[in-house]
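Just add 871 to the spot in the sequence shown (first one is 1) and you have the numbering used here. Before any comments, here is the structure.
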Amino acid sequence: MDDLFDSLVGTAIAAEDTAAGPVLRTSRLLLRPLEAADAASFHRLINDWEICRKLPDAPFPYPAALAGDWIAAADQDRAAGRAAQFAVVEAASGALIGCAGLRLSKDKKTADLGYWLGRAFWRQGFGLEVALRLTSWAFAALSVLKITATVAADNDGSVAVLSRVGFLPTGKGVQEFKCRPGAKLPVRHFALTRETTLAEVPATPSMLLVVACALIDAQGRILLARRPEGKKLAGLWEFPGGKLHAGETPEAALARELHEELGIEVLPKHLAPFVFASHAYESFHLLMPVFLCRKWRGVPKPREGQALAWVAPERLVEYPMPPADRPLIPMLRDFLRGFDDKSNRRDFDYW
């Protein structure tokens, strides 16, 4: 959709794919795959009681050999799809300042966030940059639906960072810390979901009018587009469409958007009005007329970096969508049930 959310709530910097793994950027930082050459700097930074006492898996003193072993294990975990660990590098100097990563559950639907920074880099906003970038990337590039985090109960700095990112507290507990053998220390649990990041408010912000289309193929499948990395709500699936230009009718705007996004030609007369969606986001209210279309010229292809998927109506619920799109699923599913036989499909093709 034509940079709908980006123009209102900001744009992230897209990830760069390399042979070693993805590279993420923020305004001041570079998050890249760890390398064997990082071991000395890694050890120098982490071998600090004030850091190790807040990390469950970090002994103290921290052995120099363990730094190299940990980096090697991180590389193996990345290759196996179990985790994504990153070296946190200051972009201006190229210096390693910490480490951050996500460990995935077996079903790949949940990721656990962890990070640490050298003491010289505390209280400068780096932790917030890291957490925001990693969570944004995870929801865009991975199949995770929830990100969790566990912090020592007295780690007020990390609690503040998680709260600012949008994590919500989910409980308290105790956990063993290697730096204090035999002791179970209090911890706090947090979680962030896609819905948590899309705060709904009862206010009456500015109205935004967009159009969307459910393209339906001969098998009765519906085309969905996944918002690419670097855009707000990246990783969510939506119906193709976008904003109206001044003086455009909804049908003309949708025909233009479908050509720009997918490279197909659609005549306005082949767009059938179906329903409209109305939803309050944090900074605007979205009003979205939705059209149906079964006739177009050309083969839909991604022209704006998005992924495409033809989805059977009964499987639409398996694709995470923005809040405005989700209520459309049962209506589309029920509507298309009436077009299973050939006679009904011929009538439907009239549109």
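For each residue, glycine too, the CB sits at the ideal point set by N, CA and C. All values derive from a computational prediction rather than experimental measurement.
- For the stretch 894-938, the continuous beta strand (DSSP E) assignments of 3+ residues that do not extend past its boundaries occur at 900-904, in sequence order.
- Here the alpha carbon of A1178 sits roughly 20 Å from the alpha carbon of G892.
- If one requires a minimum length of 3 residues, the beta strand (DSSP E) runs lying completely within the stretch 960-1017 are 967-975 and 981-988, in chain order.
- Relative to Q1090, the option among V1182, W993 and T981 whose CA is nearest is V1182.
- H1150 sits in a strand when the DSSP states are folded into three classes.
- In this structure, R990 sits away from D940, with a CB-CB distance that is not shorter than 8 Å.
- Boundaries of the beta strand (DSSP E) harbouring A1178: A1178 to V1182, taken from the DSSP string.
- Around the beta carbon of R1208, fewer than 16 other beta carbons sit within 10 angstroms, so the residue counts as exposed.
- Shortest Cα-Cα distance from K925 to any of R1097, V1030 and E1132 involves V1030.
- Sixteen is the threshold: when 16 or more other Cβ atoms of the shown chains lie within 10 Å of the Cβ of K1103, as they do, the residue is buried.
- Taking the Cβ atoms as the reference, L999 lies roughly 24 Å from R949, outside the contact range of under 8 Å.
- For the pair C1084 and P1121, the CB atoms are not nearer than the 8 Å cut-off.
- With distances taken between CA atoms, R1098 lies nearest to G1176 out of I1018, H1141, G1176 and V1161.
- Remark: C-beta atoms of V960 and A971 do not approach each other more closely than 8 Å.
- By the C-beta density criterion, P1184 is buried, having at least 16 other C-beta atoms within 10 angstroms.
- Nearest C-alpha to A1151 among P927, D1196, A1002 and R903: D1196.
- Collapsing the DSSP output to three states places E1100 in coil.
- With distances taken between CA atoms, T1021 lies nearest to L973 out of R994, L973 and I1200.
- The criterion of a C-beta distance shorter than 8 Å is not satisfied by V1146 and V1170.
- Note that the C-beta distance between P1144 and A1126 is not below 8 Å.
- Collapsing the DSSP output to three states places F1206 in a helix.
- Separation of A945 and L905 (C-alpha to C-alpha, rounded to the nearest whole angstrom) is 8 Å.
- Taking the Cα positions, P1198 is about 21 Å away from V1015.
- Per DSSP, the continuous alpha helix (DSSP H) segment holding H1130 begins and ends at P1121 to L1133.
- By DSSP's assignment, F1162 forms a beta bridge with C1084 and P1144.
- DSSP places G1028 within a helical segment (H, G or I) once states are collapsed to three.
- In this structure, the beta-carbon distance from H1060 to T1019 falls below 8 Å.
- Shown here for L895: same chain residues with a beta carbon closer than 6 Å to its own, the five before and five after excluded, namely A886, L902, R1004 and W1008 in chain order.
- No Cβ-Cβ contact shorter than 8 Å links W1108 with M1159.
- The residue from E1119, D983, L900 and A963 with its alpha-carbon nearest to that of R953 is D983.
- In this structure, the CA atom of R1186 is about 20 Å from the CA atom of A1011.
- Restricting attention to L1203, R899, Y1190 and P927, the CA atom closest to the CA of P1052 is found in P927.
- In the three-state DSSP reduction, Q947 falls in the helix class (H, G or I).
- Put simply, the backbone Cα of A966 is about 48 Å away from that of A1148.
- For L1056, the uninterrupted beta strand (DSSP E) run begins and ends at K1055 to T1064, by DSSP.
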